[in-house]
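Sequence order for the protein chains is U and S. Following the numbering used here, the numbering of the first sequence begins with 188 at its first residue and continues without gaps. Following the numbering used here, the numbering of the second sequence begins with 188 at its first residue and continues without gaps.
Number of protein chains: 2
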Amino acid sequence: MATPLEPTKRAYQSTEQRQSATIEAVVHLCAEQDPSTLTTARIANEVGLSQGALFKHFPNKNSLWKSVAGWVSEQLTQRVFSVADQHKHADQALEAMFLAHIGFIARHPGIPRLMLGELQKPGNGPAKRIVRETLTNYRQKVISLLNLGIEQQRVTPTIDADAAAVLYLGAIQGLVVQGMVGGDIRSLEKIAPRIFRIFSACFQEAPDAPQA
Amino acid sequence: MATPLEPTKRAYQSTEQRQSATIEAVVHLCAEQDPSTLTTARIANEVGLSQGALFKHFPNKNSLWKSVAGWVSEQLTQRVFSVADQHKHADQALEAMFLAHIGFIARHPGIPRLMLGELQKPGNGPAKRIVRETLTNYRQKVISLLNLGIEQQRVTPTIDADAAAVLYLGAIQGLVVQGMVGGDIRSLEKIAPRIFRIFSACFQEAPDAPQA
DNA sequence: TGAAAGAAAGTAATCAATCGCTTTATTTTG
DNA sequence: CAAAATAAAGCGATTGATTACTTTCTTTCA
């Protein structure tokens with residue numbers, strides 16, 4: 188008789204470990220799959236669990252999406268805001284935020300799909316609420332940096348800060364969508380500085396107000 | 188016995204009529220529903236057909252998506268390009284395109300969801316191809332307008348046209364996403380001019396190159 | 001009158017969630 | 001400290017609901 192082929196000990200893990208592994212698996216899977224087509228079976232398989240076992244750690248699928256949105260929000264906010272605070276000049280902070288954001292996305296290509304996927308849903312699901320609040324928060328940060336820049340005389344005082352903040356976020360989104368069209372999210376980091384450079388013209392000296 | 192309750196005359200229509208009615212129904216439904224959750228039953232109901240009858244006019248659901256993508260591409264391209272051609276100054280053409288695009292979206296709030304939904308899908312489905320080609324086409328138009336603007340001395344000759352085109356599309360997308368966050372796509376038209384105004388600083392005289 | 005348009009019922013597949021039961025980990029207790 | 005007891009993590013099968021698409025038969029109209 189052949190070797191008894193040990194009964195493949197199951198590697199039990201705590202719910203917390205499984206939860207974070209599952210969240211990472213979802214983020215990872217979204218790099219190459221539309222979130223709305225992600226099945227619990229596919230996710231469980233990626234984590235190394237049976238489909239049913241997933242529900243030992245999340246009460247339902249919606250709760251999983253909420254956790255994923257929370258993770259993304261936390262990571263993004265933390266990383267982007269922290270690099271901004273390392274610069275004392277507002278314009279440098281804005282540039283650092285921009286590049287950090289693109290870098291974060293380049294390392295986690297599934298994130299745009301996740302966030303856009305949530306925004307697609309109408310209504311006020313908990314996951315969508317998190318994404319919305321994160322974006323609003325982000326926009327506020329940009330606005331206050333622009334205002335700080337005005338005080339520091341590094342930003343045109345006549346700037347329309349609200350509109351500039353929308354354009355700032357749009358620059359990131361345009362870059363990301365451009366990456367989705369081209370198919371290579373990871374190469375975004377190369378062109379990101381060029382995009383920011385041209386955006387930066389918007390908050391520097393106004394063209395129709397030549398220096399007196 | 189009660190009245191025979193007349194057999195409710197059916198209004199037969201040609202396949203072509205049903206096809207365009209179906210496409211419009213999809214665009215309309217996407218205004219308040221994630222495209223990936225749209226069922227053939229829901230669409231048929233909107234058109235006023237039984238679910239099965241839909242397949243008399245489209246061989247399958249993918250073919251319907253392809254038709255919808257084609258309709259959107261055609262409408263958008265036609266409207267946006269035609270207003271651009273009504274202006275001889277490149278900068279004015281860019282502004283008119285921008286406002287026409289936002290206006291079109293404001294009148295068809297489902298369109299961003301449709302296009303983003305297609306871009307979410309990985310691979311090279313026919314519908315995604317159409318969306319991708321439309322965006323690429325659009326970007327090319329912006330680039331050539333910027334180059335024309337340089338000849339007309341209405342655009343800074345030192346501009347990074349490729350990057351500016353990405354920023355231009357990003358400005359639109361940022362505005363749209365902003366509308367999705369706020370929930371009211373239709374109010375975009377009010378702030379659109381402000382966004383374009385601040386974007387326009389990017390292609391006007393460069394700040395660090397005071398006119399010689 | 002026959003071909004196209006439609007309704008209504010049916011089919012096979014998919015998927016989130018549940019269930020019964022087993023295996024591992026932790027806690028209680030003699 | 002070991003053995004018993006409880007709790008937690010896991011599997012595999014199943015269930016019920018949903019969905020794209022098909023089939024059968026009926027109605028319209030050119």
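Where a beta carbon is used, it is the ideal one built from N, C-alpha and C, also for glycine.
Practice task
Could you tell me whether the segment 358 to 368 of chain S touches the segment 350 to 363 of chain U, using the rule of 3 or more Cβ pairs below 8 Å?
Solution key: With a cut-off of 8 Å, the segment 350 to 363 of chain U and the segment 358 to 368 of chain S count as touching, because enough Cβ pairs lie within range.
Exercise for the section: Can you give me the Cβ contacts of Val255/S inside the same chain, cut-off strictly under 6 Å, excluding the 5 residues immediately before and after it? Expected result: By one-based count along the second sequence, residue 255/S stands at place 68. So the list reads Ile210 and Val213, once near-sequence residues are dropped.
Practice task
Verify the CB distance criterion: does Arg229/U have a CB-CB separation below 9 Å to chain S?
Solution key: Numbered from its first residue, the first sequence carries residue 229/U at position 42. Output row for Arg229/U: interface = no.
Handout entry: Nearest to Met367/U (by Cα), restricted to the options Leu356/U, Pro344/U, Val342/U and Gly297/U
Key = Here the question's residue 367/U lines up with position 180 in the first sequence. Per the Cα distances, Gly297/U.
Problem - Proximity to His215/S [Cα-Cα], best of His276/S, Ala379/S, Glu203/S and Arg229/S - result: As a working mapping, residue 215/S is identified with position 28 in the second sequence. That would be Arg229/S, whose Cα lies nearest to the Cα of His215/S.
Handout entry: Contact set between Lys243/S and chain U, taken where Cβ atoms lie within less than 8 Å
Key = As a position in the second sequence, residue 243/S is number 56, starting the count at 1. None at all; the shortest Cβ gap to chain U is about 28 Å.
Practice task
Kindly indicate the opening and closing residues of the alpha helix (DSSP H) around Phe268/U.
Solution key: Locating residue 268/U in the first sequence gives position 81, where the first residue counts as 1. Membership of Phe268/U in the alpha helix (DSSP H) is indicated by the continuous run Lys248 to Ala271.
Practice task
Verify the CB distance criterion: does Glu408/U have a CB-CB separation below 9 Å to chain S?
Solution key: Lying outside 188 to 399, the shown extent of chain U, residue 408/U is not represented and no answer is given.
Exercise for the section: Pull out every residue of the segment 301 to 314 of chain S whose Cβ sits closer than 8 Å to any Cβ of chain U, in chain order. Expected result: Leu303, Gly304, Leu306, Gln307, Lys308 and Pro309
Practice task
Would you check if the distance between the CB atom of Ile292/U and the CB atom of Leu356/U is smaller than 9 Å?
Solution key: Position 105 of the first sequence, counted from the start, is the residue given in the question as residue 292/U. Position 169 of the first sequence, counted from the start, is the residue given in the question as residue 356/U. Going by C-beta atoms, Ile292/U is not nearer than 9 Å to Leu356/U.
Exercise for the section: Following the continuous alpha helix (DSSP H) through Glu282/U, name the residue where it begins and the one where it ends. Expected result: Taking the first residue of the first sequence as position 1, residue 282/U is located at position 95. Here the alpha helix (DSSP H) through Glu282/U covers Ala277 to Arg294.
Exercise for the section: Starting from the beta carbon of Thr323/S, find every residue of chain U whose beta carbon is closer than 8 Å, and list them in chain order. Expected result: Within the second sequence, residue 323/S is the residue found at index 136, counting from 1. The answer, in chain order, is Val368.
Problem - Any C-beta of chain S under 9 Å from that of Asp221/U - result: Here residue 221/U corresponds to residue number 34 of the first sequence, with the count starting at 1. So, interface residue.
Handout entry: Phe390/S - DSSP class collapsed to helix/strand/coil
Key = Start at 1 with the first residue of the second sequence, and residue 390/S comes out as number 203. Of the three classes helix, strand and coil, the one that applies to Phe390/S here is coil, per DSSP.
Problem - Three CB pairs or more closer than 8 Å across the segment 321 to 337 of chain S and the segment 323 to 336 of chain U - result: no
Problem - alpha helix (DSSP H) segment containing Thr202/S, residue limits - result: By 1-based counting over the second sequence, the position of residue 202/S is 15. Start and end: Thr202 to Leu216.
Practice task
Under the assumption that Ala208/S contacts Val234/S (Cβ atoms under 8 Å), give the Cβ distance between them as a whole number of angstroms.
Solution key: Along the second sequence, read from residue 1 onward, the residue named residue 208/S stands at position 21. Along the second sequence, read from residue 1 onward, the residue named residue 234/S stands at position 47. Confirmed, about 5 Å.
Practice task
Determine whether the Cβ of Gln238/S lies closer than 9 Å to any Cβ atom of chain U.
Solution key: The residue you call residue 238/S lines up with position 51 of the second sequence. Not closer than 9 Å to any Cβ of chain U, the Cβ of Gln238/S fails to qualify, so no.
Problem - Inter-residue spacing [alpha-carbon to alpha-carbon] between Val371/S and Gln200/U - result: Within the second sequence, residue 371/S is the residue found at index 184, counting from 1. Within the first sequence, residue 200/U is the residue found at index 13, counting from 1. In the sequence as presented, Val is not what sits at residue 371/S; that position holds Asp. So the two alpha carbons sit approximately 45 Å from each other.
Practice task
Pull up the distance between the alpha-carbon of Leu225/S and that of Val342/U, whole angstroms please.
Solution key: Residue numbering aside, residue 225/S sits at position 38 when the second sequence is read from its first letter. Residue numbering aside, residue 342/U sits at position 155 when the first sequence is read from its first letter. Distance between the alpha carbons of Leu225/S and Val342/U is about 46 Å.
Handout entry: Val270/U versus Leu236/U, Ala287/U, Trp258/U and Asn311/U, residue with shortest Cα-Cα distance
Key = Counting from 1 along the first sequence, the entry for residue 270/U is found at position 83. It is Ala287/U whose Cα lies nearest to the Cα of Val270/U.
Exercise for the section: Could you tell me whether the Cβ of Arg381/S comes closer than 9 Å to any Cβ of chain U? Expected result: Along the second sequence, one-based indexing puts residue 381/S at 194. So yes, Arg381/S belongs to the interface.
Exercise for the section: Compute the distance between the beta-carbons of Ala388/S and Arg381/U, then report whether it is under 9 Å. Expected result: By one-based count along the second sequence, residue 388/S stands at place 201. By one-based count along the first sequence, residue 381/U stands at place 194. Against a cut-off of 9 Å, the Cβ pair of Arg381/U and Ala388/S comes out as no contact.
Problem - Three-way DSSP call (helix, strand, coil) for Pro299/U in this model - result: Position 112 of the first sequence, counted from the first residue, corresponds to residue 299/U. Pro299/U falls in the helix class under three-state DSSP.
Practice task
Report the three-state DSSP secondary structure of Thr345/S (helix, strand or coil).
Solution key: Here residue 345/S refers to the residue found at position 158 of the second sequence. Coil at Thr345/S, not helix or strand.
Practice task
Return no unless some Cβ of chain U is closer than 9 Å to the Cβ of Ala388/S.
Solution key: Translated into the one-based positions of the second sequence, residue 388/S becomes position 201. Yes, its Cβ sits closer than 9 Å to a Cβ of chain U.
Problem - Gly312/S, DSSP secondary structure in three states - result: Position 125 of the second sequence holds residue 312/S. Three-state DSSP puts Gly312/S in coil, outside helix and strand.
Problem - Minimum Cβ-Cβ distance from Ile378/U to chain S less than 9 Å - result: Walking along the first sequence from the start, residue 378/U turns up at place 191. Closer than 9 Å to some Cβ of chain S, the Cβ of Ile378/U qualifies, so yes.
Problem - Beta-carbon proximity of Leu241/S to Leu354/U, cut-off 9 Å - result: Position 54 of the second sequence holds residue 241/S. Position 167 of the first sequence holds residue 354/U. Taking 9 Å as the Cβ cut-off, Leu241/S and Leu354/U do not qualify as a contacting pair.
Practice task
Check the Cβ of Arg316/S against every Cβ in chain U and list those closer than 7 Å, keeping chain order.
Solution key: As a working mapping, residue 316/S is identified with position 129 in the second sequence. The premise fails here: Arg316/S is roughly 11 Å from chain U at the closest Cβ pair, so nothing lies under 7 Å.
Exercise for the section: Please confirm if Lys196/S has its CB atom under 9 Å from at least one CB of chain U. Expected result: Position 9 of the second sequence, counting from 1, holds the residue named residue 196/S. It does not: the Cβ of Lys196/S has no partner Cβ on chain U nearer than 9 Å.
Practice task
Could you tell me whether the Cβ atoms of Pro222/S and Leu306/S are closer together than 9 Å?
Solution key: Position 35 of the second sequence holds residue 222/S. Position 119 of the second sequence holds residue 306/S. The Cβ atoms of Pro222/S and Leu306/S lie no closer than 9 Å to each other.
Practice task
Give the DSSP-derived three-state secondary structure of Phe245/U in the structure shown.
Solution key: Position 58 of the first sequence holds residue 245/U. Coil.
Practice task
Would you decide whether Ser260/S is buried or exposed? Buried here means 16 or more other CB atoms lie within 10 Å of its CB.
Solution key: Position 73 of the second sequence holds residue 260/S. So Ser260/S counts as buried.
Practice task
Pull up the distance between the alpha-carbon of Ile317/U and that of Asn311/U, whole angstroms please.
Solution key: Here residue 317/U corresponds to residue number 130 of the first sequence, with the count starting at 1. Here residue 311/U corresponds to residue number 124 of the first sequence, with the count starting at 1. Between the alpha carbons of Ile317/U and Asn311/U lies a distance of about 10 Å.
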